[in-house]
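See structure below.
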Amino acid sequence: MTAPIASDPVSRPSVGRRLAAFFHRRPRAALAVLLAPPLGWLLIAYIGSLALLLVNAFFRIDPFTTDIVPEPGLQNFERMLDQEVYRVIAVRTVLTAVAVTVSTAILAFPIAYYMARKATPRIRGLMVVAILLPLWASYLVKVYAWRVILAEDGILNWALAPLGLRGPGFGDVAVWLVFTYLWLPYMILPIYAGLERIPDSLLEASSDLGARGSTTIRRVILPLAFPAVVAGSIFTFSLTLGDYIAPQLVSSTQFIGSVIYSQVGSSGNIPFAAAYATVPILIMVVYLLLARRLGAFEAL
Amino acid sequence: MEGLGAWLGRIGLRLMTALVLAFIYVPLLLVIVYAFNDNLVATWPPRGFTLEWWSRAINNPGFRGALASSLIAGLAATATALVLGSLAALAVHRFRFFGRDAISFLVILPIALPGVVTGIAINSAVSTIGIPFGMLTVIIGHATFCVVLVYNNLIARLRRTAPSVEEASQDLGADTWQTFRYVTLPLVRTALLAGGLLAFALSFDEIIVTTFTRGGVQTLPIWIFNNYRLANQAPIVNVVAVIAILLSVLPVYLASRLTSDTAAAAGGRT
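Have a look at this one:
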């Protein structure tokens, strides 16, 4: 097991080899060395920060000095639940997230299906790249593009004018449209991957058993693709819940992200921002746990 | 009847596919058109075409500084994410241990939770500890959510490689380092590169976490955000937008080539 390699003339093994042997005999130590840096980083830099944020949620700020007063209390949560505006904003954000998830799923399914089951391998490869690229093409640029499109003298009103129609302008519909645009690739890619994994034999079995195309889609393909839709919805949901830039640029309405941002930015009220941040955190943690049960993590 | 239905279905599917592709690409093409627009205001249709904004953008000191900051932050965050993501992926792939399933959850959390949450969490932690906000805090923030890209790419590749290759190496007398250096690393090199490129692209484009950790640092997205509202800067911003698209799209294109080529070379369906 520890036989020396023939080409190695040195009788005394090098430090590297001795270390290798040491770790080979002690897999626990090897595991510790591998895990310590990433776990340390994520636990300290991330979970630590999150924990600190949650602690902050129970503090308050001195209204005159805007210093954080570390006396635990529930006043932030009370304010959050008492004042209707915060409830309205939370509900509006969640409803927008749901609407965006539904619209991206509807748009994503046909193109993902075409890519996975109909396109030739060459076209499929090109299309994967074509979907992947805009995902990474500057978020801000895409939002600004929509600002220009939806503007009063923008291209949408110009194109619709001959039909006697007008675009939605800036507002809640614009926010929904921009989010749908922004997160669409996040939905297409997991659904595509999910559909591609369905073995051909299952579809053949379905048609051999007399199912028509539409029945096969409804009874075989959709249930099998469901975890992939859930996987995609993790992104559409989470990204919508926290975004404050797109709403700010194409509407004047407030979303959860805008409240958190303005509480930190203009009022310096980290405790209240932290308390309000527990809303998206809670929603996402529950969502992630549910998604894992539905098998969405394997579809990511 | 059945034939007609199937035919309609096929045409409908193609039409939907084409429409979705158009939906994705028309806004981006519009930005490119406006980068050459001979008018200070982005009205449609454009009046004429000019290259003036390009020379003005390239000579703009604010843009140059922001580009440099973005490159530094992206490279440092990518390097950190490569180390942390690889270690985590190797640990999860090689060993069975308590809490193993939690690792994938922990790694994905910074990207699954809304950016504004990650942003204020790091913001409040950093101000509590007393580190000054600046490039270092931007890099810490970016590295935290970039780890998942390296981790996911590497673990997917490790799962596809047969353990017998590494066992063969050890049976032939190679030690842990040699097996890693000559067997494992060549097998996963392209996955690492792809993960690194994606991490860089993500960092290069990030704005929300950056806003909360940047102090006085101006990355490219922050510069775009601050300058778009200034009316006389808008055409220059359009040019910078096209440059930003190219700079984040190029690494992603390379990453997708890297992962698909090796999958084909391995002779299997992905």
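Line by line, the protein sequences are chains W and D. Using numbering that gives the first Met the number 0, the first residue of the first sequence is number 0, and each one after it goes up by one. Using numbering that gives the first Met the number 0, the first residue of the second sequence is number 0, and each one after it goes up by one. C-beta: ideal position from N, C-alpha, C; glycine also.
Distance between residue j and residue i (C-alpha atoms, nearest Å)
i, j, result
"G124 of chain W", "M114 of chain W", "9 Å"
"A56 of chain D", "A233 of chain D", "11 Å"
"R217 of chain W", "I233 of chain W", "23 Å"
"T100 of chain W", "L188 of chain W", "14 Å"
"A262 of chain D", "A75 of chain D", "For A262 of chain D, the predicted structure reports a pLDDT of 45, less than 50, and the residue's modelled location is therefore unreliable. The matter cannot be settled from this model."
"S270 of chain D", "N226 of chain D", "One cannot answer for residue 270 of chain D here, as it falls past the ends of chain D, which runs 0 to 269."
"R268 of chain D", "P198 of chain W", "With a pLDDT of only 32 at R268 of chain D, under the threshold of 50, the placement of this residue in the model should not be trusted, and no figure is reported."
"L18 of chain W", "F76 of chain W", "53 Å"
"L12 of chain D", "P60 of chain D", "49 Å"
"L106 of chain W", "Q253 of chain W", "26 Å"
"T210 of chain D", "S137 of chain W", "15 Å"
"G231 of chain W", "A20 of chain W", "44 Å"
"S13 of chain W", "L288 of chain W", "48 Å"
"N237 of chain D", "N231 of chain D", "12 Å"
"M294 of chain W", "L159 of chain W", "Looking at the sequence shown, residue 294 of chain W is not Met but Gly. Their backbone Cα atoms lie some 43 Å apart in a straight line."
"T178 of chain D", "A129 of chain W", "37 Å"
"L164 of chain W", "W157 of chain W", "10 Å"
"T92 of chain W", "V228 of chain W", "20 Å"
"P131 of chain D", "I67 of chain W", "18 Å"
"A16 of chain W", "R180 of chain D", "This sequence places Arg at residue 16 of chain W; Ala is not what is there. Cα to Cα, the separation comes out at about 13 Å."
Any chain W beta carbon closer than 7 Å to residue i
i, result
"V147 of chain D", "no"
"A200 of chain D", "yes"
"Y227 of chain D", "yes"
"M0 of chain D", "Low local confidence applies: a pLDDT of 47 at M0 of chain D is under 50, so the model's placement there is unreliable, with the coordinate-based value given in what follows. Answer no: the Cβ-Cβ gap between M0 of chain D and chain W never drops below 7 Å."
"F224 of chain D", "yes"
"G114 of chain D", "yes"
"M134 of chain D", "no"
"A265 of chain D", "Bear in mind that a pLDDT of 39 at A265 of chain D, under 50, signals an unreliable position, so the number given afterwards is only what the model happens to contain. Answer no: the Cβ-Cβ gap between A265 of chain D and chain W never drops below 7 Å."
"I242 of chain D", "no"
"I221 of chain D", "no"
"S163 of chain D", "no"
Cβ pair residue i, residue j closer than 7 Å
i, j, result
"G170 of chain W", "L149 of chain W", "no"
"Y112 of chain W", "L194 of chain W", "yes"
"V251 of chain D", "A200 of chain D", "yes"
"W175 of chain W", "T103 of chain W", "no"
"Y286 of chain W", "V258 of chain W", "no"
"T215 of chain W", "S200 of chain W", "no"
"L257 of chain D", "L66 of chain D", "no"
"I102 of chain D", "F144 of chain D", "no"
"L149 of chain D", "E165 of chain D", "Before going further, note that residue 149 of chain D is Val rather than Leu in the sequence given. Their beta carbons are not under 7 Å apart, which means V149 of chain D does not touch E165 of chain D by this criterion."
"T212 of chain D", "T136 of chain D", "yes"
"S68 of chain D", "V216 of chain D", "yes"
"L30 of chain W", "F97 of chain D", "no"
"L132 of chain W", "I223 of chain D", "no"
"L89 of chain D", "L33 of chain W", "yes"
"L18 of chain D", "S85 of chain D", "no"
"I255 of chain W", "L240 of chain W", "yes"
"M15 of chain D", "P109 of chain W", "yes"
"G214 of chain D", "L81 of chain D", "no"
"L52 of chain W", "A120 of chain D", "yes"
Presumed contact (8 Å Cβ cut-off) between residue i and residue j, rounded CB distance
i, j, result
"V278 of chain W", "A89 of chain W", "5 Å"
"V146 of chain D", "L197 of chain D", "About 12 Å; that fails the 8 Å criterion."
"F57 of chain W", "P71 of chain W", "4 Å"
"V30 of chain D", "A240 of chain D", "5 Å"
"F134 of chain D", "A193 of chain D", "In the sequence under discussion, the amino acid at residue 134 of chain D is Met, which differs from the Phe named in the question. That pair is no contact at about 26 Å."
"R59 of chain W", "P270 of chain W", "5 Å"
"T49 of chain D", "F62 of chain D", "With a Cβ gap of about 18 Å, T49 of chain D and F62 of chain D do not count as contacting."
Reduced DSSP secondary structure (H/G/I, E/B, other) of residue i
i, result
"V177 of chain W", "helix"
"I60 of chain W", "strand"
"V206 of chain D", "Note that residue 206 of chain D corresponds to Ile in the displayed sequence, not to Val. The answer is coil: DSSP assigns I206 of chain D none of H, G, I, E or B."
"I67 of chain W", "strand"
"N36 of chain D", "strand"
"E48 of chain D", "It should be noted that the sequence gives Phe, not Glu, for residue 48 of chain D. Strand."
"T212 of chain D", "helix"
"P113 of chain D", "coil"
"I130 of chain D", "coil"
"E195 of chain W", "helix"
"L169 of chain W", "According to the sequence shown, residue 169 of chain W is Phe rather than Leu. Note: F169 of chain W maps to coil in three-state DSSP."
"Q177 of chain D", "helix"
"D207 of chain W", "helix"
Interface flag, residue i vs chain D, CB-CB below 7 Å
i, result
"S13 of chain W", "no"
"I216 of chain W", "no"
"Y143 of chain W", "yes"
"W175 of chain W", "no"
"L131 of chain W", "yes"
"N55 of chain W", "yes"
"G294 of chain W", "no"
"W182 of chain W", "no"
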